[in-house]
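Listed in order, the protein sequences are those of chains A and B. Quick note on the numbering used here: the first sequence kicks off at 162 and runs consecutively. Quick note on the numbering used here: the second sequence kicks off at 15 and runs consecutively. Step one of this worksheet: look at the structure below.
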Amino acid sequence: MNPVRYQTEDTICAPATPSGVGAIAVIRVSGKQAIELVGKVFKGHNLQTAATHTVHFGKITDNNITIDEVLATIFIAPKSYTGEHVVELSCHGSPFIQQKILELLVRHGARVAQPGEFTLRAFLNKKLDLSQAEAVADLIASDSDTSLQTALQQMRGGYSLYIQRMREELINFASLIELELDFSEEDVEFVNREQLVQLVKNIQQLVSSLTDSFRYGNAIKNGVPTVIAGKPNAGKSTLLNALINEERALVSEVPGTTRDTIEERLVIDGIVFRIIDTAGIREHTSDLIEGKGIERTFEKIRQAEIILYLFDVNITSAEELQKQLDTLKQQSAFIVPVGNKIDQYSDETYTRKFAQIAGVIFISSLSQTFLPQLLTALKQAVTLGDAGKGQVVITNLRHYQALLHASESLNGVLNGLNEHLSGELVAFEIRKAIYHLGEITGEITTEDLLGSIFSKFCIGK
Amino acid sequence: MCKFYDIIIVGAGHAGCEAAHAAATLGSRVLLITMDMGKIAQMSCNPAMGGIAKGQIIREIDAIGGLSGIVSDQSMVQFRMLNRSKGAAMWSPRSQNDRSLFSALWRGYLEGCSNIDFWQDSVKQIIIEKGIIAGVITGLGITFKSKAIVLTNGTFLNGIIHIGQKQFGGGRMGDPASSGITEQLVSLGFQSGRMKTGTPPRIDGRSIDYTKMEEQKGDEIPSGFSFKKTQLPKNQLSCWITYTNEKVHAVLRTGFDESPMYSGRIRGLGPRYCPSIEDKINRFAERDRHQIFVEPEGWSTCETYLNGFSTSLPDHIQMKALSLIPGFENAKMFRPGYAIEYDYFPPTQLKNTLETHMFENLYFAGQINGTTGYEEAACQGLMAGINAHLKLREQKPFILKRSEAYIGVLIDDLINKGTEEPYRMFTSRAEYRILLRQDNADIRLTKLAYKIGLADNSRLVKVESKEANIKSIIRYLHKTGITPNAANPVLSDVDSSSINQQVKLSSLLLRPRINLDYLIQKVDFIAKELAIYNREELLSAEILVKYDGYITREKDLADKINRLENVRISTDVDFHKLTSLSAEAREKLTKIKPATIGQASRISGVSPSDISILLVQFGR
């Protein structure tokens, strides 16, 4: 019941560049299936036929939705850092994009690398000198210390209580299944299948509230991606500057001054927002919403949890705004309509103009009027939006991966119970779930299960 | 009398007997020393073999060439296949046995081994010359020399028996304890501890009113333990079930003041899964009754065993409480129940061959390692006997993996995790439970045992033919179709949904309530085609078809993990010098000295990052 987490046959993935926002990040995938696995999510050149040490442009897509445009560098074993097949994906530097790509790889069968695991493999495949052994060992030890620290820090608030509950539920359920198997001859009452089904559903609920929290948790860790969108010259860059109180974006009267996406961090009451100023729409159209160029901006908007839709109150009609908002509503993000440039009004008639549209915040990014209202709206968006449901938050991709696998196994348990499979087959699935959740709940051993049985049931004839 | 042996076995219980037989059969000159030649392979507790997980162990012992299965078959008075309502991996054979016949048969088989000499005496001391095991000195002061020693002392080392406030030295009721060995081993640096176990009173069957009890009969067709053909009884004896009640509990409580358990006189830890009756009513006070199995002790005796009524309360309390149990109103007791405390040696001091880390050619097997149960003891004896022999012949050790046998699980658990309470096998301890079935123990193990020379040729021939026949049956099931006309009446009889086009027989077998036996009974053409195969082969083939998906997944998992089992850790490594390891890992690894990285990964306190650091050291 103590399966080894270190398996040198698995395909592993992890960011190879430091965390934080750089222009470009590299995600490394290594293992027997590395090329095949990346090929499943990579649209472009067929990577399986690619020669070693070649670079290929393509898109990483999830169900036909593009996550990012990347460069894939192919290294065929043994000519790679680890000595295995390696694919290095150079993607855009946003932690959000990196996380999405890793998530996708995990769903297709990769495993998030343990601290130091690439180096370990390099060493085992004789890519590193024996004299480096000690250094490699130290590296693994220190990396795992760091990640332990991180994990400990994550155990804040209700988290550990939640995990404790999940652990207890798992032990309880598994021990009831084992009771039937090892102690069928004992004079004890066995739990009926309906009760067992209910118990699994309880565990599933715990697991799914944690997986649901991942997006939110991830946002907390890496910043809530918040896109400022709107027509050219609606004042997006001015707003970004006003928000971060710093002349980061180049501001001018010429529409389309912003050529690159600009990203800044903003902390409101402990919540990190990654404010992304969109641009690059000039060449296609002057009409953001209806024009053909919406695709590229939409790519960014798709990655957003919150969209601040900025419009110029002076030149936008209520009908126009409604139409634009309706188009945006196809996205899953939480939309905050923001009416800008109210400083050009002498009274507050603009509020009447947009009275039938709910939740509009009026500001002047130039004179920094009503910015606190906008900050409050942002904060509310996190709690009101999809993302803010649970109190407990999973921020670690490895934990998320474990939860996903566990959830599959729990479905197997439910199916088994519904199909009246014999207990040892149901136990097979629950053991898998326990194994996957081991990283979160701590190890659950046979001794834990037996202990639970002996404390609850009078065993021993 | 010869004074020089290859191997001396100390103790002739279930471990000692298997050890002696295995080593002698392989060709070692063996001396078996026991305090009482009349009590060879004595069933000191209940007269039964097997049970859930334990039955699988007996099948494994048999598949390797041990004798416990054959002796159990030949001495059984009742046989039941437990867990029959569960999946095939859970089926567990269990027998009630004739206690004296069991013992006599074992003695007969051992006397039939020309390589075994016997000596009735106790052992006081192990002779160690310049750090090398050299023999033993007995209670009578006689010296026997040997190259290896297997200690199977059971509950005899400084054994103390408790009945109420009475307390006296003894290794078993009626037998003296043994002293000297613990003291010597501890002075040499071994760690020892105390454990406790208990046994119920034995009752005169003539005084029992069975009409007040429920009868529990054996299986109609007993299948037995051994893969060899053995004579199983035509008629079987029944067991009987009765229950305690509140009045019984009230009487038992009056004895708590005098209980050695509650007064603190017993310090050793007893097993939680085999509590005394006083423990049951104390810990589960809400229960108004507890089940008691009344088990016959043999064909020709009226002695009965009260399974579920283990106790160390004063004998007069035992008697009084007993008389309030339905069926025991006029019961006469042969002897009271008692608790026994004894020395054991935490098994983390052993290698996976059961040889001690401290001394080469010194082996421990059975209760001395903190286990409980005849089956657990017997399989350790078997493995220690085999490995003691192999080592003297400078051959590779005989190690079973966790994915190969319950025996592998047991030894691996013991040496890596140790045990706080008497260790008993449960199926939940095995991670590859679906692979470790009673039906395939021979397929798993007989070839391995044949290679070392323990399983004889007839066993090999039999298992090879079994495997071939299973393959033919599976092939037939996969290629033969059945029409809706033939299948639907058979399906509807067990409420299984009907088919509307021809399907393969194998796909029918995947259904929950459909088994091969049933199809053979109901469908003529299947019966005809499969008539040439025996029950065992049909059962195994059915299991392989029915559980194919699970079996494959467990095998994959096992293969994955076994890769680390092949990465050996050199024996002379100083873990304290591997400074990258966590402090706890360094300490645990130094103590347990794992042979492989796989083994290291199962030691508690050794983390995944410690494992990768070991991989860095030993992985290439």
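A virtual CB, placed ideally from N, CA and C, is assigned to each residue, including glycine.
Any Cβ of chain B within less than 8 Å of the Cβ of residue i?
i: A:T607; result: yes
i: A:C619; result: yes
i: A:G584; result: yes
i: A:K287; result: yes
i: A:A298; result: yes
i: A:Q366; result: no
i: A:I442; result: Because A:I442 sits at a pLDDT of 40, beneath the cut-off of 50, its placement in the model cannot be relied upon, and the following sentence gives the value as read from the coordinates. Answer no: the Cβ-Cβ gap between A:I442 and chain B never drops below 8 Å.
i: A:G500; result: no
i: A:D290; result: no
i: A:E264; result: no
i: A:L610; result: yes
Considering only the alpha carbon of each residue, which of the options lies closest to residue i?
i: B:Q56; options: B:R303, B:E481, B:S86 and B:Y564; result: B:S86
i: A:S525; options: A:R513, A:T178, A:A567 and A:S507; result: A:S507
i: B:L81; options: B:Q363, B:G399 and B:R525; result: B:G399
i: A:G624; options: A:D373, A:F351 and A:I437; result: The structure shown has nothing for residue 624 of chain A, since chain A only spans 162 to 622.
i: B:N111; options: B:I146, B:T268, B:V581 and B:E317; result: B:E317
i: B:K210; options: B:T385, B:I306, B:T166 and B:F241; result: B:T385
i: A:L404; options: A:Q541, A:L532 and A:A390; result: A:L532
i: A:D223; options: A:H206, A:T210, A:V202 and A:P239; result: A:V202
i: B:T387; options: B:V24, B:G65 and B:I22; result: Checking the sequence shown, residue 387 of chain B turns out to be Gly, not Thr. The shortest Cα separation from B:G387 among B:V24, B:G65 and B:I22 belongs to B:G65.
i: B:L544; options: B:P503, B:T494 and B:L592; result: B:T494
i: B:G52; options: B:L40, B:M90, B:D135 and B:A29; result: B:D135
i: A:N402; options: A:K287, A:G391, A:P393 and A:E424; result: A:E424
Assign residue i to one of three DSSP states: helix, strand, or coil.
i: B:D624; result: helix
i: A:K617; result: helix
i: A:H253; result: strand
i: A:I262; result: helix
i: A:C174; result: strand
i: B:M13; result: Since the first residue of chain B shown is 15 and the last is 634, residue 13 of chain B is not available in this structure.
i: B:M90; result: strand
i: B:H176; result: strand
i: B:T362; result: helix
i: B:H590; result: helix
i: B:R407; result: coil
i: A:G663; result: There is simply no residue 663 of chain A to check, as chain A begins at 162 and stops at 622 in what is shown.
i: B:C253; result: strand
i: A:H217; result: strand
i: A:V190; result: strand
i: B:K100; result: coil
i: A:G546; result: Bear in mind that a pLDDT of 47 at A:G546, under 50, signals an unreliable position, so the model cannot answer this.
i: B:L81; result: coil
i: B:S192; result: strand
i: A:N579; result: helix
What whole-angstrom Cβ distance do residue i and residue j have, given they're in contact under 8 Å?
i: B:P289; j: A:G621; result: 5 Å
i: A:S345; j: B:N60; result: Not quite, the Cβ-Cβ distance comes to about 18 Å (not below 8 Å), so this is no contact.
i: B:L523; j: B:E550; result: The pair is not a contact, with the Cβ atoms about 17 Å apart (cut-off 8 Å).
i: B:T225; j: B:V308; result: Their Cβ separation, rounded to whole angstroms, is 13 Å, which puts B:T225 and B:V308 out of contact at 8 Å.
i: B:A609; j: B:N375; result: About 17 Å separates the two Cβ atoms, so there is no contact after all.
i: A:L471; j: A:A395; result: 4 Å
i: B:I583; j: B:K602; result: The pair is not a contact, with the Cβ atoms about 13 Å apart (cut-off 8 Å).
i: B:G101; j: A:L322; result: Contact flag wrong, Cβ pair sits at about 37 Å.
Quick one: does residue i have its CB under 8 Å from some CB of chain A?
i: B:K574; result: yes
i: B:F440; result: yes
i: B:L266; result: no
i: B:C288; result: yes
i: B:R216; result: no
i: B:H28; result: no
_Start-end ranges of the beta strand (DSSP E) lying completely within the segment 272 to 338 of chain B, minimum 3 residues_ = Runs of the beta strand (DSSP E) inside the segment 272 to 338 of chain B: 305 to 310 and 317 to 321.
*Let me know the alpha helix (DSSP H) ranges lying completely inside the segment 434 to 497 of chain B, each 4 residues or longer, listed in chain order.*
Runs of the alpha helix (DSSP H) spanning 4 or more residues and lying entirely within the segment 434 to 497 of chain B occur at 455 to 466 and 471 to 493, in chain order.
_Uninterrupted alpha helix (DSSP H) stretches inside the segment 273 to 309 of chain A (no shorter than 4 residues)_ = Entirely contained in the segment 273 to 309 of chain A, the alpha helix (DSSP H) runs reaching 4 residues are, in chain order, 278 to 285.
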